[in-house]
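Participant: First the structure, which I've put down as structure tokens, then a few questions once you've had a look.
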Amino acid sequence: MELRQLEHFVAVAGELSFSRAAHRVHVVQSALSTSVGKLEKELGVELFDRSRQQIKLTPAGELFREHAGRVLQTARIAKDSVGDFRGQLTGTVDLGALITSGALDVPKVLGQFHRDYPFVQIRLRQSQTGSSAYLSAIVDGSLDLALVSAPDRFPGRIQMHLLRQEPMVFVCRTDHPLAAYNEVAITELTGEDLIGFPPPFGLRRLVDDAFAAAGVTAHTPHEVALEYSIAAELVRHGIGTIFMPASEAARFSDLRAVHVLPAVMWKIYLASAEQSKLGPATAKLAEMLLALADD
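Numbering-wise, our numbering comes out as the position in the sequence shown, counting from 1, plus 239.
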């Protein structure tokens with residue numbers, strides 16, 4: 240059993256897709272499948288249920304994932320710690336990024352980190368299933384840090400630090416009936432054809448939970464899993480309306496942003512394992528990202 244095999248297994252377990260996992264670990268899909276197959280043969284159990292179109296972990300796979308993640312995390316910390324003896328910070332930090340970070344200048348921090356610690360590699364990942372996938376990856380050790388948007392539902396064994404919060408606004412065309420108002424009650428938006436991210440995304444759950452708290456249900460027939468600029472184009476062409484963080488809505492001056500009552504607050508957290516389990520490079524990047532909360 241090799242560390243590379245464990246990395247391949249954890250990637251497939253995190254993505255639940257051999258094609259996406261192959262892209263994540265930079266190997267061809269056939270090589271990844273062979274690697275996982277050899278691991279299963281060595282262990283004498285099937286780690287994945289491949290009987291359906293969407294693969295899933297078997298009970299043995301679920302158990303093995305937790306231990307495999309810890310092994311990879313420990314190996315990475317051991318490797319990174321050697322840099323201390325050379326007087327320089329080295330290693331790799333896997334960082335999960337949000338579709339949008341609002342007013343947080345994350346690229347500026349990453350640029351400064353690269354200048355200060357040029358021997359550390361930062362690998363950015365963007366999930367197609369939102370913050371929930373990042374939190375799972377933090378738990379199993381396949382991700383070091385992640386910026387997440389989660390409505391106060393955090394798994395155990397994860398450190399969550401609030402970096403920023405801002406209100407969500409209702410965004411529509413200027414000729415929309417509600418565009419003339421400065422604010423609108425969320426209960427008045429039940430008839431809207433909303434554009435939203437898929438259900439696993441924190442932003443989607445945030446909006447759905449806000450409607451549920453008001454005793455009503457959001458109607459979201461249109462889903463976009465890429466970025467707000469695409470959603471804004473749909474709004475411009477009359478294909479629905481959308482909730483956006485206020486800082487994001489400010490980018491689209493030709494659309495109308497209306498405040499929502501009661502306020503729906505979008506929160507960005509930095510998620511990580513416990514401090515004692517962070518490698519030197521990860522701990523330093525976390526420190527610099529946490530400084531954003533003070534800006």
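Ideal Cβ positions, reconstructed from N, Cα and C, are used throughout, including at glycine.
1. Counting along the chain, where does the alpha helix (DSSP H) carrying Leu-278 start and finish?
2. Using the Cβ count rule (16 or more neighbours within 10 Å means buried), how would you classify Arg-304?
3. Starting from Tyr-356, trace the beta strand (DSSP E) in both directions and tell me its first and last residue.
4. How close, in whole Å, do the beta carbons of Leu-402 and Ile-507 come, if the pair is a contact with beta carbons under 8 Å?
5. Who are the Cβ neighbours of Ala-496 in its own chain at under 6 Å, not counting the five residues just before and after it?
6. Count the other C-beta atoms from every protein chain shown that fall within 10 angstroms of the C-beta of Met-504, then say buried if there are 16 or more, exposed otherwise.
7. From Ala-520, Leu-529 and Asp-533, pick the residue whose C-alpha is nearest to that of Leu-328; which is it?
8. In angstroms with no decimal places, state the Cα-to-Cα distance between Pro-386 and Leu-337.
9. Are the beta-carbon atoms of Phe-287 and Leu-271 separated by less than 7 Å?
10. Just tell me which of Lys-277, Glu-281 and Gly-335 has its CA closest to the CA of Gly-253.
11. Within 10 angstroms of the Cβ of His-308, are there 16 or more other Cβ atoms? Answer buried if so, exposed if not.
12. Where DSSP assigns a beta bridge to His-265, which residues make up the other side?
13. Please name the residue, chosen from Ala-512, Asp-533 and Ala-532, that lies closest to Asp-333 on a Cα-to-Cα basis.
14. If contact is defined by three or more beta carbon pairs under 8 Å, each pair taking one atom from either stretch, is the region 447–466 in contact with the region 419–435?
15. Taking 6 Å as the limit between beta carbons, can you name the residues of its chain near Glu-422, skipping five residues before and five after?
16. Beta-carbon within less than 6 Å of Ser-274's beta-carbon, same chain only, minus the 5 sequence neighbours each way: which residues are those?
17. Using CA coordinates, which residue listed in His-415, Asp-414, Thr-413 and Ala-452 is at the minimum distance from Ile-425?
18. Around the Cβ of Gly-276, are there at least 16 other Cβ atoms within 10 angstroms (buried) or fewer (exposed)?
19. Alpha carbon to alpha carbon, how far is Leu-473 from His-306?
Facilitator: Taking the structure as given:
1. Your numbering for residue 278 matches position 39 in the sequence shown. Where Leu-278 is concerned, the enclosing alpha helix (DSSP H) stretches over 268–282.
2. Position 65 of the sequence shown holds residue 304. Under this definition Arg-304 is a buried residue.
3. Against the sequence shown, residue 356 aligns to sequence position 117. The continuous stretches of beta strand (DSSP E) do not include Tyr-356, and DSSP gives it neither H nor E.
4. For the purposes of this step, residue 402 is taken as residue 163 along the sequence shown, with counting starting at 1. For the purposes of this step, residue 507 is taken as residue 268 along the sequence shown, with counting starting at 1. Yes, Leu-402 and Ile-507 are in contact; Cβ-Cβ is about 5 Å, under 8 Å.
5. Against the sequence shown, residue 496 aligns to sequence position 257. Counting only Cβ-Cβ distances below 6 Å, and skipping sequence neighbours, we find Val-408, Val-410 and Ala-488.
6. In the sequence shown, the residue the question calls residue 504 occupies position 265. Classification of Met-504: exposed, given that the 10 Å Cβ count is below 16.
7. Residue numbering aside, residue 328 sits at position 89 when the sequence shown is read from its first letter. That would be Ala-520, whose Cα lies nearest to the Cα of Leu-328.
8. As a working mapping, residue 386 is identified with position 147 in the sequence shown. As a working mapping, residue 337 is identified with position 98 in the sequence shown. The sequence shown places Leu at residue 386, not Pro. In a straight line, the C-alpha of Leu-386 is about 6 Å away from that of Leu-337.
9. Taking the first residue of the sequence shown as position 1, residue 287 is located at position 48. Taking the first residue of the sequence shown as position 1, residue 271 is located at position 32. Contact annotation: Phe-287 and Leu-271 have beta-carbon atoms that are not nearer than 7 Å.
10. Here the question's residue 253 lines up with position 14 in the sequence shown. The closest CA to that of Gly-253, considering only Lys-277, Glu-281 and Gly-335, is found on Gly-335.
11. Taking the first residue of the sequence shown as 1, we reach residue 308 at position 69. Inspection of the sequence shows that residue 308 is occupied by Gly rather than by His. So Gly-308 counts as buried.
12. Within the sequence shown, numbered from 1, the residue matching residue 265 stands at position 26. Paired residues: none, contrary to the question.
13. Position 94 of the sequence shown holds residue 333. For the residues Ala-512, Asp-533 and Ala-532, the minimum Cα distance to Asp-333 belongs to Ala-512.
14. The answer is yes - the region 447–466 touches the region 419–435, with three or more Cβ pairs under 8 Å.
15. Here the question's residue 422 lines up with position 183 in the sequence shown. Here the set comprises His-498 and Leu-500.
16. Here residue 274 refers to the residue found at position 35 when the sequence shown is read from its first residue. Same-chain partners within the cutoff: Gln-244 and His-247.
17. Residue mapping note: residue 425 aligns to position 186 of the sequence shown, counting from 1. Taking only the C-alpha atoms, the option nearest Ile-425 is Ala-452.
18. Sequence index remark: in the sequence shown, residue 276 carries index 37 (1-based). Looking at its Cβ environment, which holds fewer than 16 other Cβ atoms inside 10 Å, Gly-276 is exposed.
19. Here residue 473 is taken as the residue at index 234 of the sequence shown, counted from 1. Here residue 306 is taken as the residue at index 67 of the sequence shown, counted from 1. Answer to the nearest angstrom: the Cα atoms are 44 Å apart.
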